[in-house]
Amino acid sequence: MRRTLTTIWHTRGLARYLLLAGVLLTAAFVVLAVFAPWIAPYDFAQNSTEAGERLPKLAPPSGTHWLGTNDQFYDIWSRVVWGARTALQVVLLSVLLSALVGVPLGLASGFTGGWLDRVLVFLMDALYSFPSLLLAIVFSFLLRSAVGGGVLAAALALTAVYIPQYFRVVRNTTVSAREATYVEAARALGARPFTIMRKYLFGNVVQSVPVIGTLNAADALGTLAALGFLGLGIQPTEAAEWGYDLSRALDDTSAGVWWPALFPGLAIILLITALTLVGEGLNETLNPALRRRRLQQVSFAPLSREGGAR
Amino acid sequence: MGSAASGSLPRYILIRILLVVPMMFVLLSIVFLLLRVAPGDPVTAAVGDKLSPEALESRRAALGLDRPMLVQYLEYLGNVAQLDFGRTISDNRPVLEIIKNQGGATLTLTLGAFLFALLIALPLGRLAGRHRDTALDAVIRVFGVVSYAAPIFWVGILLVLFVITYVPDWPTFGIASAETEFYVPDRTGIILLDAVLANDSASVLDVLQHHVLPCFTLGLLLSGVIIRLVRVNVIQSLKDDYVEAARARGIPERRVVRKHAFRNALVPVITVIGLQFALTLSGAILTERTFNWPGLGNELVDYVTARDYVAVQGLVTFFAVAVVIVSVVVDVLNALVDPRVRY
Amino acid sequence: MTRSRRALSLAGAAVLALSLAACGEGERDSGGGGEGGSASGSWTLGTTETVTAMDPAGSYDIGSWNMQYSLFEQLMAIPAGESEPVGDAAESCEYDDPQTITCTLREGLTFSNGNELTSSDVEFSLERNLRIADPNGSAVLLGAIKDPDADALAEGAIETPDDQTVVFNLNQPDLTFLKILSSATASIVDEETFPADSLLEDEQVVGSGPFMLSDYSASKQAVLEANPEYSGEREPASQTVFVRFFNDAAPLRNAIASSQLDVAWRTLSPTDLASIEEEGDVDVLRGEGSEFRYWVWQLGTPVGGDKAVRQAVAQIIDRDAIAENAYDGTVEPSYSIVPPGFGGQKDSFAEAYGESPDVEAARKTLQDAGVKTPVKLTLGYTPTHYGPNTVDEATELAGQLEDSGLFQVSTEDAEWEEYQTLYKQNAYDLFILGWYPDFLDADNYLSPFLRDGGFYQNNYSSQEVNTLLDQELGETDEATREEQIAELQDIVAEDVPLIPSWNGQNVAVAVPEMEGVEGSLDPTYIFRLWEISKG
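Protein chains in written order, with this note's numbering: chain A, 3 to 312; chain B, 72 to 414; chain C, 1180 to 1714.
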């Protein structure tokens, strides 16, 4: 871990600044999400003041409502802040869950090989070949009736979509690492398969996970917004979600009321951009083949197909 | 797919094609499983609020929805094998006909989008790669990331508003005007082609005009990914021996980039297009929704909302098959072009 | 961004090149092909109402029905702005008694393919509708002539003594049946063209209505052209009507706002309508509607089963606030189960609870009944089926109840099909539903809602109500029937099995040159394409 951080720190030039920008932006959103109750002046579904007075409808940005209000009488700044919390909740949950399922599955599949491996590879390749939005639509519809239209349903739908990516990367790394000398040695010494997987392979394989994780997080965010746009995402009474707010606001945009659409849209763009910059930055710095440090010339391997560059 | 043994080209291609069969089987099973375990049914969705429970039950039975899952599953597989995707429940259309009638619109949308994406991404990616680590590179890279990050429906609506305000006569929805759709005889299912075949220049122009906005919107999304890949490839090619050699011979840098590095960087673009096909279809669903484009994505969302299993099953199957076929074609093409690709 | 502009200009160049290459003008003579019809000109309608089937036996939705009103004749038709049917294919239809109707067809009726239209086509059409009993069809409306034990016409329900005469023998007294005969479910189809036990393909339908379907591409567009054989009262004012189908309201809104369409009819959101009106380039036309939105109590839950709680909510609900805050004032507050404009309609809820909310009265009602406050209440809604504003209405009502201090409300939602199961399974105490009438009669708002739990199975059942419903259905004296209908509404206000929320308007948006649009905006939701032309 320390080695990784050192590597990042010693990166030079543009890559470093882009990575830094991504990290800072992401951090800003994390702050919004974590401290939402203190930062947001209103609750996410609050349409009147504490005194019971109704907030104005579609009020332009002003001193009282920094980013204006939308057609549901919500304070847009509050919705954006709470939306950050929803977005990060959903994305974190889905990334964690899909890594939690995908990594061990890939590890086991790649290590065991044989019949199980083939079936799993097939299954995952099949899922992977589906357009992600299509899969998310189907899953969200499936899950809505089981777990409602909230954060959990959205996270689970996205989880299902992204498991194959972890599986593929982890499995392929495992397959190549399996033949490495130190693994052979451990096996010769009589280490049990589980021990080998845990002790020797996991550490090796897990390095690629943060990169896929961040890139997936960015992608998942876009998919979440798309679900919201199609009316298949999180309900406004459950949590504030940028995609939903955006789809409601598009109507107003045609009438020249730009603020309800602008700010959630910007939030989506900024957070996805930030996450992508982090993911790409990590990819470039951690992936020695693409790294460029001072005074060091390297040759460039073809971009790996599993690089999460979707 | 690393399991395929290395060997001769024909052997590789054969194995790649043979693998399609189990792949399809897995896909079809997933589609069936996902859609049929879901609660709710199209009959209730359509007219549930006007019928008694008994009437609903008998209508379900009439559609065969009450039979054992296994029976329905086998029947579904059998039908798909004969290219019979069934008839939609909610409006009684043969799914194959929907695909024939509306697949063309999705096809021209995606092709047009790729065209725009390449028009945007190739020059930008090349510039960024050549001026690596400069401010220009930073700007282009950020543009690439942002264009990928921007919600497609958001960009679409903003473009529509812009066009409505500044170019009032420019069409902002649909694939053709009412007259064009009516007067151009339908032969191929692709209205652009039909208009060309009919030798009707006014209609061709009309259809092309309708394509510009949606294709540009979707192309913008794709360009983000392509910029990234072109940039990396240019950087990489610039390191190659023969490029170094060209440089050593004193050929100007600009020419080195254009003549040698860039052309080589184009080869992986085929692969990119193959890999981005799934992303393109996701984007197409949203683009079609935004521009009322008469394509399959738009239909799919409608049928999902209507809970029409047969329709969704058929369309999703078709999408999946398309993705599988494109990936096979890309793999085979690559194997033909570049022997190193064969594993 | 300069890059993208260049990309655009490149595309422009390609367009130019292509159009130059494709020399030779396309042959399009617009308005052509109309030999018989005197009308000329064309106009384009945009709608989000989809067509389930062009075949009258296969649909039960506004989109399909409106195609069928233009393509077919029914025995009777309801003229714009009126509620009583007049002759269409029939010269007249009369009740001989509350259980028997005799219709006489006009002379010389033909379908657009030249085949004669006779009484046997009428019998064929209805019999076929019942036999096919399509899952998406509306055969359920023909209960009065249906064989109770099979999907078939009842023995002797329809007699055709000669080519011009049709006699209906109903299985019970039913004064609404004449109105059912004027709806699209009773469209007359050609027995030589339509199969007797299956639906006809959409593109092939043939009728005797003012228009014929000259081109149809599902979910893209339909092209209607004036039927030269048509000889009735509904003479088309235009030669050609293009109907373009939209999957989503947003592009429809932009298309009409920029005059790329001539008329947009159904369904634009309140926000869209307000903004279009503000811009003022095209006209927003409003007519009386019969759309009805209401909150149903599930009497199967402990909360919903308590009459005092139901009455208290009826006392608190602020319909003006709902109309204003959730719908931008585009809907009318509703105070009765029967919408305005029907014989016998009265605002029973306003009489019982006053027009404005009264929290004190509600508190008293609850206290008198010994109900502990705050009452925990679950509100159910469905987020997409009735449009995005349903959420706003649910939030608004929940807020009103919370603010009264008497209720503690949680809102829950489910997608439409799931929702329908859930509300029947007592998942919600109070849930929202909407209704469009099948035919214009007060009973269409009473029998389906009140008889033994209604179609929504809310466990409300009253012998008194059932008896009144039977009486009202067979009552020939109009004044007596109106009294009975009024009494039913009063009982609903007292028992509160549901709480009326609002009535919708029938709204269209049209470019200024259009004529005849506003006249057709009435509670029947029949959009009379034949009356409309572009001036």
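Ideal Cβ positions, reconstructed from N, Cα and C, are used throughout, including at glycine. In this text the structure is predicted, and so the values were computed from the model without any measurement.
Inter-residue CB distance, residue i and residue j (contact presumed, cutoff 8 Å)
i: F1471(C); j: G1386(C); result: Actually they are not in contact, since the Cβ atoms of F1471(C) and G1386(C) sit about 30 Å apart, beyond 8 Å.
i: F389(B); j: I170(B); result: 5 Å
i: Q1477(C); j: Y1598(C); result: Not quite, the Cβ-Cβ distance comes to about 12 Å (not below 8 Å), so this is no contact.
i: F156(B); j: L167(B); result: 5 Å
i: A1434(C); j: S1448(C); result: No, A1434(C) and S1448(C) are not in contact; Cβ-Cβ is about 14 Å, not under 8 Å.
i: R107(B); j: V399(B); result: With 8 Å as the limit, R107(B) and V399(B) do not qualify as a contact, their Cβ atoms being about 28 Å apart.
Bridge partner(s) assigned by DSSP for residue i
i: C1272(C); result: C1282(C)
i: V1345(C); result: C1282(C)
i: M1720(C); result: Summary: the structure shown does not reach residue 1720(C), with chain C confined to residues 1180 through 1714, and so no result is reported for it.
i: K310(B); result: In DSSP, K310(B) forms no bridge with anything.
i: S1221(C); result: T1419(C)
i: R158(B); result: P165(B)
i: T71(A); result: D77(A)
i: N1682(C); result: F1471(C), E1511(C)
i: W1476(C); result: L1609(C)
i: R56(A); result: S50(A)
i: L1332(C); result: K1325(C)
i: A1687(C); result: W1444(C), L1464(C)
i: A1256(C); result: V1265(C)
Proximal residues of chain B, C-beta to C-beta of residue i below 8 Å
i: T255(A); result: I228, L229, L232
i: S1437(C); result: I235, P239, T243
i: T161(A); result: Here the premise fails: no neighbours, minimum Cβ distance about 14 Å.
Three-state class that DSSP yields for residue i in the structure shown
i: T1229(C); result: coil
i: R159(A); result: Residue identity check: residue 159(A) is Ala in the sequence provided, not Arg. A159(A) falls in the helix class under three-state DSSP.
i: E1467(C); result: coil
i: V1764(C); result: The structure shown does not extend to residue 1764(C), since chain C is modelled only from 1180 to 1714, so the question has no answer here.
i: V36(A); result: helix
i: R1542(C); result: helix
i: W1709(C); result: helix
i: F1610(C); result: strand
i: V259(A); result: coil
i: N1504(C); result: helix
i: T1289(C); result: strand
i: G1482(C); result: Before going on, a small fix: residue 1482(C) reads as Val here, not Gly. DSSP places V1482(C) in coil when its eight states are reduced to three.
i: P93(B); result: helix
i: D1240(C); result: coil
i: P1340(C); result: strand
i: E1295(C); result: strand
i: G1266(C); result: strand
i: G1205(C); result: Because G1205(C) carries a pLDDT of 38, less than 50, the predicted location of this residue cannot be relied on, and no value is offered for it.
8 Å Cβ cut-off: residues of chain A touching residue i
i: S1448(C); result: D253
Contacts of residue i in chain A (Cβ-Cβ under 9 Å)
i: N1637(C); result: Within chain A, no residue comes near N1637(C); the closest Cβ sits about 21 Å away, beyond 9 Å.
i: N1719(C); result: Residue 1719(C) cannot be examined here, being either before or after the span of chain C that is shown, 1180 to 1714.
i: S1454(C); result: D253, D254, S256, A257, G258, V259
Interface partners of residue i on chain B, CB under 7 Å
i: S131(A); result: A349, A391, V394, V395, S398
i: G1237(C); result: N163
Contact set between residue i and chain C, taken where Cβ atoms lie within less than 8 Å
i: N49(A); result: T1574, G1578
i: L167(B); result: Under the 8 Å cutoff, chain C gives no residues; its nearest Cβ is about 13 Å from L167(B).
Contact set between residue i and chain B, taken where Cβ atoms lie within less than 9 Å
i: L22(A); result: Within chain B, no residue comes near L22(A); the closest Cβ sits about 12 Å away, beyond 9 Å.
Neighbour list for residue i in chain C, Cβ cutoff strictly below 9 Å
i: A206(B); result: Simply none; closest approach about 16 Å.
Proximal residues of chain C, C-beta to C-beta of residue i below 7 Å
i: D73(A); result: T1450
i: R378(B); result: E1596
**Asked** Residue ranges of each beta strand (DSSP E) run of no fewer than 3 residues wholly in the segment 1403-1458 of chain C, ordered along the chain?
**Response** 1419-1424, 1442-1444
**Prompt:** Quick one: complete beta strand (DSSP E) runs, 3+ long, within the segment 149-230 of chain A?
**Reply:** none
**Request:** Please go through the segment 160-210 of chain B and give each complete beta strand (DSSP E) segment of 3 or more residues, from N-terminal end onward.
**Result:** none
**Completely contained beta strand (DSSP E) runs for the segment 1551-1575 of chain C, where each covers 3 or more residues** = 1554-1560
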